[in-house]
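So the sequence shown is numbered by UniProt numbering: it starts at 1 and just counts up by one.
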Amino acid sequence: MKPREKEFCRLMTVVADPIKAARKAGYKHPERAWSELSAREEIVSEIRRRCENIRSVYEHTAICGLYKLAYGGVSDALTLLYRDDLSEEDLRMLDLRNVSEIKRTDKGIEVKFCDRIKAIDKLQELLGSGTEHGNGSGLLDAILSSAEALGSRSGSETDDL
């Protein structure tokens with residue numbers, strides 16, 4: 001696959017518009033380029049592979065986010081409650097991802113947290129609650145397979161990042 005074709009495949013996963021991707025990849029006639037490129041199995045396979053990798057990253061990010069909701073600390077939220085001298089910069093640095101609502105009332109600030117039990121339940125649903133490999137959902141198996149595949153690759157594929 002030529003560098004411009006690889007760039008087209010990369011751009012397809014970013015802009016999700018074949019004409020824009022072909023134009024940005026440097027094709028002078030993007031409509032014709034898309035027509036020709038989409039007929040080639042190696043191009044379609046590369047776009048599919050890249051999309052699956054992105055999906056795997058999003059799934060992993062979602063699982064990490066649920067884990068942080070379920071088991072994350074509340075110290076930054078408590079800082080928000082008990083300190084009146086926080087600057088705008090201080091506020092930006094607080095980790096409030098497990099806060100679902102903040103309200104200022106006549107009695108002060110009211111903070112509601114995300115439901116940890118729901119987050120744990122969702123994690124168990126996504127990862128499967130079985131202890132044996134393969135007993136959980138396909139998501140965990142997909143993540144483990146992706147990790148194994150990434151671990152077996154050489155670093156040359158990521159040199160262009």
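Even for Gly, the Cβ is constructed at its ideal location relative to N, Cα and C.
Tyr104 (DSSP reduced to helix, strand or coil): Looking at the sequence shown, residue 104 is not Tyr but Arg. In this structure, Arg104 counts as strand in the three-state DSSP scheme.
Span separating the alpha-carbon of Tyr67 from that of His60: 11 angstroms
State the start and end residues of the unbroken alpha helix (DSSP H) segment that holds Tyr71. 41–71
Assign Glu125 to buried or exposed, taking buried as 16 or more other Cβ atoms, counted over all protein chains shown, within 10 Å of its Cβ. exposed
Sequence-distant residues of its chain with Cβ nearer than 6 angstroms to Glu110 (five each side left out): Lys103
Span separating the alpha-carbon of Ile63 from that of Tyr27: 39 angstroms
Locate the alpha helix (DSSP H) running through Tyr82, then write down its first and last residues. 75–82
Distance between Leu80 and Arg50 (C-alpha atoms, nearest Å): 41 angstroms
What separation, rounded to the nearest whole angstrom, lies between the Cα atoms of Ile19 and Trp34? 7 angstroms
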